[in-house]
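Structure first, then comments.
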Amino acid sequence: MRNFLEISLNHPAHYITFGPFSVSAGNLSIIIAMMVIFTLALFMPFPNHEDHKVKGSKK
Amino acid sequence: MSEKISWTGRVRSATLEKFEPEDLLPDHQPAYVASWIYVFGVATLAAFVMLIASGLYLTLEGPAWWHTSSVGHYVNSVHLWSVELFFVFMVVHLWGKFWMAAWRGRRLATWITGCLAFFTSIITGFTGYIIQSNFDSQWISTQAKDGFNAMGIGAFFNTLNTGQAILLHVSLLPLVLGAIVVWHVILVRRRGVVPPIEVGGE
């Protein structure tokens, strides 16, 4: 019996096509995830940032 | 200083001069480092350590084990997800450093060793995909063969030569990648973490 968490890869990959560009759904989701992580890393506050300030720092 | 110093003495002097302990193992960082965007380099390193550890385990036990036993499936999955995270963290690290123009302030060698690590990782990852010893690796290696032949690389690297691919993946490439990563980290420590453009100017 298959576990509900198992993903069957026993079929051709799903592809998304935009004109001449084609990308598999798996690769596109990884690219989108990386862009989301990058954006969050830029704007999310870093914990305890006051503790990291050091003597001699320009800020 | 003695005029006739031995080569070991010269290496020691040069090493101590270029790599001061305070630079190699700093206990303070500038305030601008307190940002999530500065976390992805060390996250890539952490994923690399997991890759090496799980890879060593897979090397000890072999394909029959990782295809059939539950522990083998688990360690194989740890190796796969470590490489997925390794590349995700490395790409986010690359984007962050690119938009920060991280080659500023005599950090060009740091940038170049990072690029070398990225390209070596791609080759190492590729050789890993073609030694999974399943239908996926068979498909990838047979398709890649034509591409490599078209580029003229087929004379040196035959993707259907499993023995060559295994040795590249578990021996040569991890050593080369490990050396580049160590070099990159030493350069980061020597030159310091790049400041944001509004702080560093240039």
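Going down the list, the sequences are from chains A and B. For the first sequence, the residue numbers in this note's numbering are 87 to 145. For the second sequence, the residue numbers in this note's numbering are 1036 to 1237. We treat Cβ as the ideally placed atom computed from N, Cα and C, and that holds for glycine.
- Within the segment 1091-1145 of chain B, the runs of alpha helix (DSSP H) at least 4 residues long that lie entirely inside it are, in chain order, 1098-1103, 1105-1134.
- Between the segment 1186-1200 of chain B and the segment 1098-1112 of chain B there are fewer than three inter-stretch CB-CB distances shorter than 8 Å, so the stretches are not counted as touching.
- Taking 8 Å as the CB threshold, Ser1070 of chain B lines the interface with chain A.
- Boundaries of the alpha helix (DSSP H) around Val1216 of chain B: 1208-1226.
- Below the 9 Å Cβ cutoff, chain A contributes Ile116, Ala119, Met120, Ile123 as neighbours of Val1123 of chain B, in chain order.
- Interface annotation for the segment 1123-1147 of chain B against chain A: Val1123, Val1126, Val1127, Trp1130, Gly1131, criterion Cβ-Cβ distance under 8 Å.
- In this chain, Phe107 of chain A is not harboured by any alpha helix (DSSP H); it is covered by the beta strand (DSSP E) spanning 107-110.
- Boundaries of the beta strand (DSSP E) harbouring Thr103 of chain A: 101-104, taken from the DSSP string.
- The C-alpha of Ala1099 of chain B lies about 16 Å from the C-alpha of Ile1165 of chain B.
- With a threshold of 8 Å between beta carbons, Leu128 of chain A makes contact with chain B.
- Comparing C-alpha distances from Arg1226 of chain B to each of B:Phe1054, B:Arg1045, B:Gly1044 shows the shortest one belongs to B:Phe1054.
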